[in-house]
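Here is the structure we will look at, set down as structure tokens.
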Amino acid sequence: MTDPTRTERTSIIPSEGPTSLPLQASSVVGTTLREHVLAGMHAAPGATGQFTSLLNHISLGIRIITTRVRAAGLAGMLGYTGDTNVQGEQVQKLDAFANDVLVNVLERSGHCGLLASEELDEARFATNSGKYVVLFDPLDGSSNIDTNVSIGTIFAILRRRHGEIVPHVEDALQPGRRIIAAGYALYGPSTIFVLSSGHGVDAFTLDPNVGEFFLSHPNIRCPERGNSYSANEGNYARWSKGVRRWNDWVREENKDEGRPYGHRYVGSLVADAHRTLLKGGIFAYPADTKNKKGKLRLLYEANPMAFLFEQAGGAATDGHRSILDIHPDELHQRTPLIFGSKHDVADYEAFASEKRT
Ligand code: P6P
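Quick note, this note's numbering runs 1154 ahead of the 1-based positions in the sequence shown.
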């Protein structure tokens, strides 16, 4: 059965020559995110519209953040607030603003029971009756803000597990397999909103003049194998023997196997993830002797990315198991994070576990 939420973009220019037929109204305007999400709701038996409303509020938050990111250089929003967050990192003004915006729209949606953010030490009860949990990194890659490098917002949505009216912090500590939707916004030359609610992955591009996201990349599939790798090789000496062997292998000359791979590394997770999702290849942030559990956060960075890549036919691992199978113990726990084309990820796991030398 074709997925009713798969609304192929109608062509704006008729494929044949000049036609006397008037352009169909639908062929002038693409599919908006709002329409796409609504179509998903109509296709979901028993849908109440709460999930749709929650997604629309997240979209509103991302559009508000976009305006400030675009004007940050002029609006004096760059530079540090002087505060430090639970990660011990200097909090930049845009981080704080993005966090406040998302907390506000989630509370106003009335459907978020519990929220957790990289910028908040503890999980926060949003609305007692809200049946959803939203975990997010409001502005990932913020260390790149001052140099005008693309940054992003990452989120995951789950259902609350505990029946009590008052949300329970345990509702946030669920394995990624229980994610019902996840996505990211990439604030690059365009603002792109990439979303999956369990029926494949779609991307929407913001038209700033209209203030709407339009479907630009329906049904994204991550290529089964790519030709680039993305890793901070400055950590090479700190990696395990198996990971160093993988890195050496991926750079060896072997024309038959398409190596060496090209090296691409922005140092902003959402930018590196988006390229890997569209072009294939592999992103790797392994554990090392400095970050023994890895650097990236499980709940609001690794899990959303893992959900998206698996939905697009790719894979995501900590080097030994799927990221989505990890049972969280604490809100801000870190994990090694490797994702991308499924064959490239499988090669990495073989080297990392030293099954391959
Ligand atoms: P490194 C940015 O600070 C970030 O949290 C992610 O966006 C990015 O993938 C990673 O850290 C980069 O880390 O150690 O290479 O600078």
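For every residue, glycine included, the Cβ atom is placed at its ideal position computed from N, Cα and C. Nothing here was measured: the structure is a model prediction, and the numbers come from that model.
Alpha-carbon to alpha-carbon, residue j and residue i
i       : j       : result
Asn1185 : Lys1509 : Note that residue 1185 corresponds to Thr in the displayed sequence, not to Asn. C-alpha separation (whole angstroms): 47 Å.
Asp1479 : Gly1330 : 6 Å
Pro1440 : Val1320 : 37 Å
Gly1236 : Ala1425 : 26 Å
Leu1177 : Val1183 : For Leu1177, the predicted structure reports a pLDDT of 38, less than 50, and the residue's modelled location is therefore unreliable. The matter cannot be settled from this model.
Gly1203 : Met1195 : 7 Å
Ser1207 : Gly1284 : 12 Å
Ile1333 : His1353 : 12 Å
Ala1179 : Phe1205 : With a pLDDT of only 41 at Ala1179, under 50, the local geometry of the prediction cannot be trusted, and the value read off the model is given with reservation. Computed Cα separation, rounded: 28 Å.
Val1420 : Arg1313 : 33 Å
His1265 : Gly1242 : 31 Å
Ser1384 : Ala1460 : 16 Å
Cys1376 : His1316 : 35 Å
Ser1304 : Ser1296 : 9 Å
Glu1387 : Ala1193 : 44 Å
His1149 : Ser1344 : Look at the range of the chain in this structure, 1155 to 1511, and you will see that residue 1149 is not part of it.
Ile1492 : Arg1188 : 32 Å
Ala1252 : Gly1434 : 29 Å
Leu1175 : His1371 : The predicted position of Leu1175 is uncertain, since its pLDDT is 41 and thus under 50; a value taken from the coordinates is nonetheless stated next. Going from the Cα of Leu1175 to the Cα of His1371 covers about 27 Å.
Glu1406 : Ile1374 : 30 Å
Thr1511 : Trp1393 : 15 Å
Phe1368 : Arg1399 : 43 Å
Val1323 : Ala1198 : 28 Å
Leu1453 : Ser1382 : 26 Å
Phe1505 : Ala1277 : 37 Å
Ile1166 : Asp1300 : Confidence is the limiting factor: at Ile1166 the pLDDT is only 33, short of 50, which leaves the residue's position unreliable, though a coordinate-based value still follows. Between Ile1166 and Asp1300, the C-alpha separation is close to 38 Å.
Buried versus exposed call for residue i [16 or more other C-beta atoms within 10 Å across all chains shown]
i       : result
His1428 : buried
Tyr1341 : buried
Thr1443 : exposed
Thr1159 : Because Thr1159 sits at a pLDDT of 43, beneath the cut-off of 50, its placement in the model cannot be relied upon, and the point is left open.
Glu1464 : buried
Asp1483 : exposed
Tyr1390 : exposed
Gly1227 : exposed
Asn1401 : buried
Lys1496 : buried
Arg1451 : buried
Gly1200 : exposed
Lys1247 : buried
Trp1403 : buried
Val1223 : buried
Val1240 : exposed
Ala1225 : exposed
Asp1410 : exposed
Thr1430 : buried
Supposed contact pair residue j and residue i - C-beta distance, whole angstroms, cut 8 Å
i       : j       : result
Ser1350 : Leu1462 : 5 Å
Gly1306 : Ala1339 : 6 Å
Asp1294 : Glu1455 : 7 Å
Ile1346 : Pro1458 : Contact flag wrong, Cβ pair sits at about 15 Å.
His1190 : Asp1356 : 7 Å
Ile1219 : Val1255 : 6 Å
Asn1298 : Ser1476 : So it is not a contact: roughly 29 Å between Cβ atoms.
Gly1396 : Ser1507 : 7 Å
Asp1325 : Pro1292 : With a Cβ gap of about 19 Å, Asp1325 and Pro1292 do not count as contacting.
Gly1494 : Gly1380 : 7 Å
Could you tell me whether the stretch 1281–1291 touches the stretch 1259–1272, where touching means 3 or more Cβ pairs closer than 8 Å? Verdict: yes, contact present.
Closer than 8 Å is the cut-off here; do at least three beta carbon pairs connect the stretch 1408–1421 with the stretch 1354–1370? Between the stretch 1408–1421 and the stretch 1354–1370 there are fewer than three inter-stretch CB-CB distances shorter than 8 Å, so the stretches are not counted as touching.
Within 8 Å, do at least three Cβ pairs link the stretch 1491–1503 to the stretch 1459–1472? Verdict: yes, contact present.
Per the contact definition of three or more C-beta pairs closer than 8 Å, is the stretch 1445–1456 in contact with the stretch 1483–1494? Touching, yes, given that three or more Cβ pairs across the two stretches are closer than 8 Å.
Do the stretch 1253–1261 and the stretch 1214–1226 touch if we need at least three Cβ pairs shorter than 8 Å? Result yes; three or more Cβ-Cβ pairs closer than 8 Å.
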